[in-house]
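Read the structure below first, then the notes.
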Ligand code: GDP
Ligand code: MG
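In UniProt numbering, the protein residues as written are 3 to 600.
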């Protein structure tokens with residue numbers, strides 16, 4: 003296969019418009035997977051991805067295609083995750099492509115993420131091929147969508163391909179269209195090996211598998227490679243292509259997309275976005291745009307059963323092998339015992355990690371309220387970075403506090419402009435600029451405290467824009483703020499794991515809703531349980547759980563012993579998700595409830 007027979011492309015779309023289904027169909031048509039092995043959403047390999055229907059880790063597949071004239075092609079489909087938490091992975095993946103298919107659901111039309119993803123692709127000068135999907139549905143409005151592709155996306159709507167990823171109708175037309183429209187990869191003519199790492203994963207037998215796109219030169223077994231950012235060297239053991247399975251090759255060359263194995267023990271040694279070159283003949287400069295993914299949200303994790311601590315330790319170590327962006331360190335709480343303080347790319351990332359730990363490693367967890375990193379200057383002039391309320395200094399010793407802000411870009415139909423303004427102000431945002439992109443679509447820019455974005459901003463934005471609001475952000479530095487530490491006392495005892503750091507103006511309302519939530523979540527016990535919210539020594543909210551004796555056997559009137567035993571066992575199981583704090587049992591859900599406003 004020559005370079006001119008290669009095409010590198012991604013599929014981008016608003017969520018649910020059919021990206022995964024279409025990928026499956028393309029894979030199926032090439033016949034690289036037997037019918038028997040074909041299952042839905044081949045590229046979404048994690049359970050959570052399949053269940054939630056979202057793509058978290060990008061995956062790559064090389065599709066062989068023979069054109070009508072007999073020419074053979076290799077079409078490399080590089081899959082991308084679709085959520086803002088993972089937008090860094092999206093841009094890495096797109097940077098490895100010359101083109102992208104942009105899918106639009108024929109019943110929904112152009113939506114927010116269609117545009118956001120289009121902008122990402124346009125910034126990288128990709129050739130963009132519009133595809134109208136779901137034409138099998140009776141409610142499909144192909145003409146209307148063609149129009150939107152012209153007007154909103156500025157692309158050729160008239161010649162947009164029309165397919166049904168579900169029935170397969172029209173999908174075979176995509177292959178010749180990709181070959182004709184998307185240019186083959188160009189290579190720098192330096193002849194010094196240069197490749198971009200866009201992903202990695204961990205294999206327990208082979209170590210870290212590096213996914214890369216070659217921009218110049220060739221690579222083969224035995225080469226000594228250099229990771230430029232990391233300044234580390236490895237000897238290549240194997241190179242190859244992805245065809246769901248890894249297919250080893252003698253060598254890979256300019257323009258190709260593939261993997262390498264080089265006895266790399268730890269996935270953290272491989273940085274997404276880093277440039278690979280040859281140790282003895284390095285290229286002049288890296289591919290560029292390298293950025294460390296930095297965690298922005300922090301939370302502590304405790305096993306519900308204290309004796310699961312060892313298991314949690316092991317599970318985190320193993321999860322880290324597959325997710326280099328996860329960071330953690332030992333932590334302990336008076337209320338919850340030993341645990342870990344973890345850093346995440348965003349809230350979805352946090353949820354995904356929690357779910358994987360609970361599901362893949364079978365550990366029940368309690369997570370504390372997520373926090374951002376504050377910069378606190380004490381009266382002695384010291385500057386401390388603090389993300390854990392436990393480390394909050396005595397307020398008398400604080401001279402200045404700064405919190406991280408983001409630059410948010412929100413794209414919405416103009417009819418939602420007022421709603422968006424309102425939500426942004428509600429979350430302490432400041433409006434910067436706004437402009438019309440098309441006759442009825444706006445781009446609005448705000449500066450918002452990151453802490454507010456972590457706390458429900460995205461959900462609220464989505465609901466007030468009925469899902470049409472697309473949101474993207476970048477970190478924009480620190481600004482001075484008025485922060486307080488809000489504590490919760492249960493039965494008179496301060497529960498350190500419930501404390502949060504919050505802006506003074508928001509503390510009282512938050513304390514009230516959190517107390518109410520805790521009251522609902524904490525089961526009645528034989529005594530009254532006061533729940534209080536406090537700043538320093540001052541109580542600012544209060545609720546009470548009234549006394550009640552919960553006797554689960556009461557309803558099986560005498561008699562049936564085995565039924566009684568079953569009920570008691572069931573109750574015991576339920577207890578595993580409870581945590582004794584002082585004399586009160588607090589369910590796992592109570593710790594999470596403090597985070598939510600409604
Ligand atoms: P993604 O979020 O873009 O990856 O979307 P999915 O591929 O997961 O598809 C979202 C939903 O739309 C799933 O329930 C699919 O079965 C359905 N779907 C995808 N393509 C088609 C299509 O061409 N026709 C119909 N009727 N349904 C489709
Ligand atoms: Mg998907």
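Every residue gets a Cβ at the ideal spot worked out from N, C-alpha and C, and that includes glycine.
Residue 4 sits exposed, since fewer than 16 C-beta atoms from the chains shown fall within 10 Å of its C-beta. CA-to-CA, the gap between residue 141 and residue 109 works out to about 6 Å. When rounded, the separation of the alpha-carbon atoms in residue 465 and residue 455 is 14 Å.
Partner residues in the beta bridge of residue 245, as assigned by DSSP, are 247. Residue 267 is positioned such that its CB atom lies no closer than 8 Å to that of residue 348. Taking C-beta atoms as the reference points, residue 213 and residue 205 fail to come closer than 8 Å.
Distances between the C-beta of residue 122 and the heavy atoms of ligand 1 are all 7 Å or more. Listed as beta-bridge partners of residue 415 by DSSP are 443.
Counting the other Cβ atoms within 10 Å of the Cβ of residue 16 gives 16 or more, which makes it buried. Residue 132 and residue 115 have their C-alpha atoms roughly 14 Å apart. Closest in alpha carbon position to residue 8, among 71, 326, 393, 79, is 79. In this structure, ligand 1 has a non-hydrogen atom nearer than 7 Å to the beta-carbon of residue 22.
At least one heavy atom of ligand 1 sits closer than 7 Å to the Cβ of residue 166. In this structure, the C-beta of residue 268 stays at least 7 Å away from each heavy atom of ligand 1. In the three-state reduction of the DSSP assignment, residue 309 falls in the helix class, which pools H, G and I. At least one heavy atom of ligand 1 lies less than 7 Å from the C-beta of residue 135. Note on the stretch 133-217: whole alpha helix (DSSP H) runs with a minimum of 4 residues are 144-153, 176-183, in chain order.
With the rule of 3 Cβ pairs closer than 8 Å, the stretch 309-328 does not count as touching the stretch 392-408. About 49 Å separates the Cβ atoms of residue 443 and residue 492, ruling out a contact at the 8 Å cut-off. Note on geometry: alpha-carbon atoms of residue 277 and residue 482 lie some 37 Å from one another. Looking at the DSSP output, residue 451 sits in a beta bridge with 407.
At a threshold of 7 Å, residue 71 does not count as near ligand 1, since its beta carbon sits no closer than that to any of the ligand's heavy atoms. Under a 10 Å Cβ-count criterion, residue 290 is classified as exposed, with fewer than 16 other Cβ atoms of the shown protein chains found around its own Cβ. A residue is called buried when at least 16 other Cβ atoms come within 10 angstroms of its Cβ; residue 461 does not meet this threshold and is exposed. Comparing alpha-carbon positions, the option among 453, 477, 369 lying closest to residue 305 turns out to be 369. The beta strand (DSSP E) runs lying completely inside the stretch 486-544 and spanning 3 residues or more are 502-505, 531-537, given in chain order. According to the DSSP secondary-structure assignment, residue 303 is paired through a beta bridge with 342, 369. At least one heavy atom of ligand 1 sits closer than 7 Å to the Cβ of residue 19. Residue pairing by DSSP places residue 80 opposite 12, 62 in a beta bridge.
Only buried fits residue 166, as 16 or more other CB atoms lie within 10 angstroms of its CB. A contact between stretches requires three or more CB pairs, one per stretch, nearer than 8 Å, and the stretch 372-392 meets this requirement with the stretch 332-349. CA-to-CA, the gap between residue 112 and residue 416 works out to about 15 Å. The continuous stretches of alpha helix (DSSP H) do not include residue 480, which lies in the beta strand (DSSP E) extending over residues 472-482. Using a 10 angstroms sphere on the CB of residue 432, the tally of other CB atoms stays under 16, which defines it as exposed. In this structure, the beta-carbon distance from residue 596 to residue 519 falls below 8 Å. Counting only residues of its own chain and dropping the five nearest sequence neighbours on each side, residue 185 has a CB closer than 6 Å to the CB of 100.
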